[in-house]
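Student: Questions regarding the structure given below will be posed in turn.
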Amino acid sequence: MLSLLHHPNLVNLVGYCADGDQRLLVYEYMALGSLAEHLLDTTPEQLPLSWHIRMKIAHGTAKGLEYLHEKANPPVIYRDLKSPNILLDEEYNPKLSDFGLAKLGPVGGKTHISTRVMGTYGYCAPEYIRTGQLTVKTDVYSFGVFLLELITGRRAVDSSRPPSEQVLVNWVKPMLRDRKRYSELADPLLRGEYPERDLGQAVGVAAMCLQEEASVRPYMSDAVVALGFLAEVPAGYKYKSGPIPQMKQVEDPSSTSSSKQDKSAYDRQKAVAEAIEWGSLRQKQKAQSPEKKAYSQGIIPSRSL
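Just so you know, the sequence shown maps onto residues 8 to 312 in the working numbering.
Following this line, the structure appears as structure tokens:
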């Protein structure tokens, strides 16, 4: 299947080897390994992933799923979205890997496909667990869990935590209903270094993806639009590759005016980007069904520009 799919956010299949009953798939080299190594399996010596890198990873992952769901023909349901399956190149660009559980989506007027082989516990949509019916909205739910991992720095399931906190979605649900509690969701390792409004939008996207009713979850194209602006990196930042993830601000101590100009330019770009994205979404909403319009409006709140 992977040999027929080509996208910047899918890992490239280079080739394969076969010797008797032994099979080996050869993928492109991903310099920084899996996201789990930088987000969940960190050591005290590691610098945590910055907010901007986390949103860049979320946006790229969403684009990979958008391609599978809405551009591949027939559509592909990935079915095993989780941090260990997201690989990173030297610039923290994410790529989906491990398509062992992927399934071709419903075609010919069918609404779903049926299977009892589940993905990873903690990421599976509730209707999939109950009925075994698989749709692209199953992946959307998994993406909501994945986005919560990026925001909180917690595992989808962590038996080392108190019982009420072991399943990430269950722990988060009460806070999703109260915007004033969103800051409690932020990974403590971020030390408050994130835009508060951007945190609110990221949590809002996750909440929409985690809707119990599959039909009101957004399409991945909507999530891509919503996360696109959050993935923009401010001027003066750079990525440093290597085993320890980090992103430091490049400052010239002898030129504070240059730093102020960079910030001013970034603020202007930010305002323009917001206006463009909001206008684009409004145009899409006019052409959408009432049902899809309802949840699309929930993803991106109106803003004063």
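Note that CB positions come from ideal geometry on N, CA and C, so glycine has one too.
Thinking C-alpha only, which one of F106, R204, L75 and D26 is nearest A233?
Tutor: R204
Student: For the ligand COA, is there a heavy atom less than 7 Å away from the beta-carbon of E44?
Tutor: As presented, the structure is devoid of all ligands, the ligand COA included, so that no description of it is given.
Student: Excluding five sequence neighbours on each side, which residues of the same chain lie with their C-beta closer than 7 Å to the C-beta of D165?
Tutor: Q173
Student: Between L88 and chain C, is there a C-beta pair that is closer than 8 Å?
Tutor: The structure shown has no chain C; it contains just one protein chain.
Student: Going by C-alpha to C-alpha distance, which of E191, Q53, A230 and V18 sits closest to S149?
Tutor: A230
Student: Going by CA-CA distance only, name the one from V210, P225 and E239 that's closest to H77.
Tutor: Per the sequence presented here, residue 77 reads as Glu, with His not at that position. E77 has its Cα closest to that of P225, out of V210, P225 and E239.
Student: Applying the criterion that 16 or more other CB atoms from any shown protein chain within 10 Å of the CB defines a buried residue, is T142 buried or exposed?
Tutor: buried
Student: Are the beta-carbon atoms belonging to V83 and A65 less than 8 Å from one another?
Tutor: no
Student: Using a Cβ-Cβ cutoff of less than 7 Å, which residues in the same chain neighbour A69 once the five nearest sequence positions on both sides are dropped?
Tutor: F150, M227, A230, V231 and L234
Student: Once you ignore the five residues that flank F153 on each side, which residues in its own chain have a CB closer than 6 Å to its CB?
Tutor: L88
Student: Thinking C-alpha only, which one of Y23, I60, V21 and S41 is nearest E200?
Tutor: I60
Student: For the region 156 to 190, list the alpha helix (DSSP H) runs that are entirely contained and at least 4 residues long, ordered along the chain.
Tutor: 175 to 183
Student: Using C-beta distances below 7 Å, list every residue in its chain close to W178, excluding the 5 sequence neighbours before and after it, in chain order.
Tutor: Result list for W178: S171 and E172, in chain order.
Student: Please confirm if the region 95 to 104 is in contact with the region 16 to 30, defined as three or more CB-CB distances below 8 Å between the two stretches.
Tutor: yes
Student: Hey, how far is the Cα of K144 from the Cα of L217?
Tutor: 10 Å
Student: Could you check if K63 is buried or exposed, using at least 16 other CB atoms within 10 Å of its CB as the buried criterion?
Tutor: Burial state of K63 is buried, judged by a 10 Å Cβ sphere holding 16 or more other Cβ atoms.
Student: If you compare alpha carbons, which of L237, G22 and E219 is closest to A132?
Tutor: Proximity to A132 across L237, G22 and E219 peaks at E219, based on C-alpha coordinates.
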